[in-house]
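Residue numbers (our numbering): 64 to 446.
Ideal Cβ placement from N, Cα and C applies to all residues, glycine included.
Reviewing the structure listed below.
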Ligand SMILES: Cc1ncc(COP(=O)(O)O)c(C=O)c1O
């Protein structure tokens, strides 16, 4: 395929909304006069628990908010002290690591494996008497060695937090991910594979922590407005403030969009896997490229299609000239000023950070679009 054919731009992410279904859901909110916390947020939390099998689900304004709640509440409930350590990955969006710093805990960076996820061996080596948790990021491609890491955490008595921003609908051995973690956090940002505009979900294993999260995400108030409005008792207006909390809860308009997206999630992820398989077919074994292997037994959401590419930055420019706009997930966080003092030694993450490229993958693409991108990549490497 020649570059002359490349007329229609192919972007990295373009969300797909089932517009009529979304409008019907949002209309219900508007007609009822309830767009905030409650109503659709409750309905979506119930549907999410049914879909994932997870025992608790608290709908939040974003995954960043959910991650912060996860760290704050585990810290409070387990009595972690300032300076205690969380082992984490340098290859992630900064939300993952910022929430550790927000809580004045110490991020300890460990290296990634060939799945671009934390390597259990690196974690074992970094566990100290001050290690309180491991923060595992499931990359858009797969769940890496999550099971082995859950075993390490269990054995060493440290908590496991799963940043599953990319993992809505990801299953391992037929079961939705998350059951192995103390807290798991999903993103429903517009560009994710379950798109709203901005929203997330934090799911605690322990129901007591889920109740705490609801207070923390509503400024520390111990009775939400939905309960106050719909309660029967004469004192339903009265509440106490137990914490100096945050304004982190989600709203019914976002939940309305999420309810529609959830109905189609399995079908959408399966289409993503189909497009990803086509990429792999065309790019596997190609000189200059290294594919990221999907972990055994993992059925990924395929939020991303990532490869490691020689001369990545030149490849990006080559694709841009052909109206193809890939992205990078992610730059090694320890190269950022905020994390430069971390003393991290993660050579695999550093190499990956220089070579990673995410090729366009979204539901408005068809296999011809994938072919166009893949042939443009091959053209760059001379074939
Ligand atoms: C790995 C990871 N964690 C957390 C986030 C934050 O998600 P949100 O935008 O919903 O706060 C993102 C978003 O890109 C992400 O990729």
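*Between the beta-carbon of residue 441 and the beta-carbon of residue 346, is there less than 9 angstroms?*
Numbered from 1 along the chain shown, position 378 holds the residue referred to as residue 441. Numbered from 1 along the chain shown, position 283 holds the residue referred to as residue 346. For residue 441 and residue 346, yes; Cβs fall inside 9 angstroms.
*For residue 396, which of 171, 334, 426 and 315 has the nearest alpha-carbon?*
Along the chain shown, read from residue 1 onward, the residue named residue 396 stands at position 333. It is 171 whose Cα lies nearest to the Cα of residue 396.
*In the DSSP assignment, find the beta strand (DSSP E) that holds residue 401 and state where it starts and stops.*
For this step, residue 401 is matched to residue 338 along the chain shown. First-last for residue 401: undefined, no H or E at that position.
*Run the proximity test for residue 324: is its beta-carbon closer than 8 angstroms to any non-hydrogen atom belonging to ligand 1?*
Taking the chain shown and counting its residues from 1, one reaches residue 324 at position 261. No, ligand 1 has no heavy atom inside 8 angstroms of this Cβ.
*Say the cut is 8 angstroms; is the CB of residue 255 nearer than that to a heavy atom of ligand 1?*
Numbered from its first residue, the chain shown carries residue 255 at position 192. The answer is yes for residue 255.
*Given a threshold of 16 other Cβ atoms within 10 Å of its Cβ, counted over all protein chains shown, does residue 380 qualify as buried or as exposed?*
Within the chain shown, numbered from 1, the residue matching residue 380 stands at position 317. Exposed: under 16 other Cβ atoms inside 10 Å.
*In the DSSP assignment, what residue or residues form a beta bridge with residue 163?*
Indexing the chain shown from 1 puts residue 163 at position 100. Per DSSP, none; premise fails for residue 163.
*asked:* Considering Cα atoms alone, identify which of 153, 144 and 89 is closest to residue 406.
replied: Locating residue 406 in the chain shown gives position 343, counting from the first residue. The residue with the shortest Cα to Cα distance from residue 406 is 153.
*Selected residue, minimal CA-CA separation from residue 204, among 167, 241, 413 and 230*: Stepping through the chain shown from its first residue, residue 204 is reached at position 141. Nearest of 167, 241, 413 and 230 to residue 204, Cα basis: 230.
_CB of residue 256 within 9 angstroms of CB of residue 210, strictly_ = As a working note, residue 256 is residue 193 in the chain shown. As a working note, residue 210 is residue 147 in the chain shown. Cβ atoms of residue 256 and residue 210: not closer than 9 angstroms.
*Taking buried to mean at least 16 other C-beta atoms within 10 Å of its own C-beta, is residue 427 buried or exposed?*
Within the chain shown, numbered from 1, the residue matching residue 427 stands at position 364. Its Cβ having fewer than 16 others within 10 Å, residue 427 is exposed.
*Option in 384, 348 and 251 with minimal Cα separation from residue 127*: Counted from its first residue, the chain shown places residue 127 at position 64. Nearest C-alpha to residue 127: 251.
_On the CB-based measure, 16 or more other CB atoms within 10 Å of its CB, does residue 363 come out buried or exposed?_
Residue numbering aside, residue 363 sits at position 300 when the chain shown is read from its first letter. With 16 or more Cβ atoms within 10 Å of its Cβ, residue 363 is classed as buried.
_Using the Cβ count rule (16 or more neighbours within 10 Å means buried), how would you classify residue 240?_
By 1-based counting over the chain shown, the position of residue 240 is 177. So residue 240 ends up on the buried side.
*Residues bridged to residue 295 [DSSP beta-bridge criterion]*: By one-based count along the chain shown, residue 295 stands at place 232. Beta-bridge pairing links residue 295 to no other residue.
_I need the straight-line Cα distance from residue 265 to residue 111, nearest angstrom please._
What you label residue 265 is simply residue 202 of the chain shown in a count that begins at 1. What you label residue 111 is simply residue 48 of the chain shown in a count that begins at 1. One C-alpha to the other measures close to 11 angstroms.
*ligand 1 heavy atoms versus the CB of residue 172: any closer than 8 angstroms?*
Taking the first residue of the chain shown as position 1, residue 172 is located at position 109. No, Cβ of residue 172 sits at least 8 angstroms from all heavy atoms of ligand 1.
*How many angstroms separate the CA atom of residue 145 from the CA atom of residue 195?*
Sequence index remark: in the chain shown, residue 145 carries index 82 (1-based). Sequence index remark: in the chain shown, residue 195 carries index 132 (1-based). So the alpha carbons of these two residues sit roughly 11 angstroms apart.
*For residue 179, which of helix, strand or coil comes out of DSSP?*
Position 116 of the chain shown holds residue 179. Residue state, collapsed to three classes: coil.
*Grab the span of the beta strand (DSSP E) containing residue 421 for me, first residue to last.*
Position 358 of the chain shown, counted from the start, is the residue given in the question as residue 421. Residues 419-422.
*Do residue 130 and ligand 3 come close, with the Cβ less than 8 angstroms from some heavy atom?*
In the structure on display, ligand 3 does not appear, and the ligands it does have are ligand 1.
*Proximity test, residue 105 beta-carbon vs ligand 1 heavy atom, cut-off 8 angstroms*: Along the chain shown, read from residue 1 onward, the residue named residue 105 stands at position 42. No, since every heavy atom of ligand 1 falls outside the 8 angstroms radius drawn around the Cβ of residue 105.
*Unbroken alpha helix (DSSP H) runs of length 4 or more, entirely within the region 92-139: which are they?*
103-115
*On the premise that residue 136 lies in contact with residue 272, defined as a C-beta separation below 8 angstroms, what is that separation, rounded to the nearest angstrom?*
As a position in the chain shown, residue 272 is number 209, starting the count at 1. As a position in the chain shown, residue 136 is number 73, starting the count at 1. Right, the Cβ-Cβ distance comes to about 5 angstroms (below 8 angstroms), so this counts as a contact.
*Using the Cα positions of residue 131 and residue 122, report the straight-line distance between them to the nearest angstrom.*
Within the chain shown, the letter at position 68 stands for residue 131. Within the chain shown, the letter at position 59 stands for residue 122. Using only the alpha carbons, I get a separation of about 13 angstroms.
*asked:* In this structure, how does DSSP classify residue 394 when only helix, strand and coil are distinguished?
replied: Residue mapping note: residue 394 aligns to position 331 of the chain shown, counting from 1. Correct three-state label for residue 394: coil.
_Limits of the unbroken alpha helix (DSSP H) element including residue 272_ = Residue numbering aside, residue 272 sits at position 209 when the chain shown is read from its first letter. First-last of the alpha helix (DSSP H) with residue 272: 270-279.
*Sub-9 angstroms separation of residue 289 and residue 102 beta-carbons*: On the chain shown, residue 289 is found 226 positions in, with the first residue counted as 1. On the chain shown, residue 102 is found 39 positions in, with the first residue counted as 1. In this structure, residue 102 lies closer than 9 angstroms to residue 289 by Cβ.
*Paired residues, beta bridge with residue 310 - DSSP*: Stepping through the chain shown from its first residue, residue 310 is reached at position 247. Per DSSP, 281.
*Measure the Cβ-Cβ separation of residue 389 and residue 416 and say whether it is below 9 angstroms.*
By 1-based counting over the chain shown, the position of residue 389 is 326. By 1-based counting over the chain shown, the position of residue 416 is 353. Not a contact, by the Cβ cut-off of 9 angstroms.
_Chain-order list of residues whose beta-carbon lies under 6 angstroms from that of residue 71 (same chain, five-residue window excluded)_ = Reading the chain shown from its first residue, position 8 is the one you call residue 71. Answer for residue 71: no residue qualifies.
*Go through the region 303-358 residue by residue and report every complete run of the beta strand (DSSP E) that reaches 3 residues or more, in order.*
352-354
_Residue closest to residue 432, alpha-carbon to alpha-carbon, out of 402, 444 and 387_ = Along the chain shown, read from residue 1 onward, the residue named residue 432 stands at position 369. Selected option, being the one with the closest Cα: 387.
*Per DSSP, residue 223 is paired with what?*
The count along the chain shown starts at 1 and reaches residue 223 at position 160. According to DSSP, which records beta bridges pairwise, residue 223 is partnered with 197.
*asked:* Quick check: residue 84 and residue 326, are their CB atoms within less than 9 angstroms of each other?
replied: Taking the chain shown and counting its residues from 1, one reaches residue 84 at position 21. Taking the chain shown and counting its residues from 1, one reaches residue 326 at position 263. Result yes, Cβ atoms of residue 84 and residue 326 sit closer than 9 angstroms.
*According to DSSP, is residue 436 helix, strand or coil?*
For the purposes of this step, residue 436 is taken as residue 373 along the chain shown, with counting starting at 1. Three-state DSSP puts residue 436 in a helix.
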